[in-house]
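Visitor: Numbering (the numbering used here), first residue to last: 6 to 166.
Input: one structure, supplied below.
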């Protein structure tokens with residue numbers, strides 16, 4: 006019957022999503038569209054990409070950021086000019102120390118070549134900073150909604166104690 010065919014298609018699509026997307030969600034977590042607030046030096050960091058296509062928000066936790074324990078860097082990709090999360094983003098996240106030396110790449114953590122993909126538009130990156138100081142977080146976007154774009158980035162500086 007038609008109901009059986011529709012049910013079979015829905016189940017097939019659900020299983021396909023689980024097989025294809027689940028490994029990519031290891032480092033990504035869905036989130037509400039509203040940003041939390043922090044009363045600290047780093048707080049929530051929000052910028053437009055240098056090409057203006059998206060907003061990017063980085064929310065480090067816990068606060069203050071210390072090098073003696075793990076930090077979660079929640080990165081939200083936001084539709085231009087809004088606080089609405091933009092799904093299906095191709096991206097890379099690079100962390101550099103104060104001398105400009107790269108100390109982290111999200112693609113290496115995931116064991117995949119850049120760019121990575123988030124279907125949710127939100128990723129949470131675990132990282133333990135190697136020491137105190139200022140670090141640069143570079144979030145580069147390579148595609149939006151499965152459409153490649155000229156790479157655009159947003160850079161954030163955070164202080165680690």
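Positions of the beta carbon are idealized from the N, C-alpha and C atoms, including for glycine.
1) DSSP beta-bridge partners for residue 150?
2) By alpha-carbon positions, which one of 100, 93, 106, 148 ends up nearest to residue 125?
3) Measuring alpha carbon to alpha carbon, tell me which residue in 120, 105, 75, 66 is nearest residue 111.
4) Can you give me the C-alpha to C-alpha distance between residue 155 and residue 63, rounded to a whole angstrom?
5) Measure the C-alpha to C-alpha separation of residue 151 and residue 59 and round it to an integer number of angstroms.
6) Run through DSSP, which three-state label would residue 111 get?
7) Mind the definition here: the stretch 130 to 140 touches the stretch 75 to 95 only if three or more C-beta pairs lie below 8 angstroms; say whether that holds.
8) Using a Cβ-Cβ cut-off of 6 angstroms (strictly less than) and excluding sequence neighbours within five positions of residue 159, which residues of its own chain qualify?
9) Rank 165, 148, 117 by C-alpha distance to the C-alpha of residue 139 and give the top, closest one.
10) If you drop the 5 nearest sequence neighbours on each side, which residues of the same chain put their C-beta closer than 6 angstroms to that of residue 66?
11) Pick out whichever of 100, 70, 101, 57 has its Cα sitting closest to the Cα of residue 83.
12) Can you check whether the CB of residue 70 is closer than 8 angstroms to the CB of residue 100?
Guide: Once the coordinates are examined:
1) Taking the first residue of the chain shown as position 1, residue 150 is located at position 145. According to DSSP, residue 150 bridges with nothing at all.
2) The sequence position of residue 125 within the chain shown is 120, counting from 1. Checked all of 100, 93, 106, 148; the closest Cα to residue 125 is 93.
3) Mapped onto the chain shown, residue 111 falls at position 106. Selected option, being the one with the closest Cα: 120.
4) Position 150 of the chain shown, counted from the start, is the residue given in the question as residue 155. Position 58 of the chain shown, counted from the start, is the residue given in the question as residue 63. Spanning the two alpha carbons is a distance of roughly 22 angstroms.
5) By 1-based counting over the chain shown, the position of residue 151 is 146. By 1-based counting over the chain shown, the position of residue 59 is 54. Whole-angstrom Cα-Cα distance: 14 angstroms.
6) For the purposes of this step, residue 111 is taken as the residue at position 106 of the chain shown. Correct three-state label for residue 111: helix.
7) Contact holds: three or more Cβ-Cβ distances are below 8 angstroms.
8) Mapped onto the chain shown, residue 159 falls at position 154. Within the same chain, residue 159 has close Cβ partners 52, 54, 61, 144.
9) Residue numbering aside, residue 139 sits at position 134 when the chain shown is read from its first letter. Nearest C-alpha to residue 139: 165.
10) The residue you call residue 66 lines up with position 61 of the chain shown. 77.
11) Counted from its first residue, the chain shown places residue 83 at position 78. With distances taken between Cα atoms, residue 83 lies closest to 57.
12) By one-based count along the chain shown, residue 100 stands at place 95. By one-based count along the chain shown, residue 70 stands at place 65. No. Outside cutoff.
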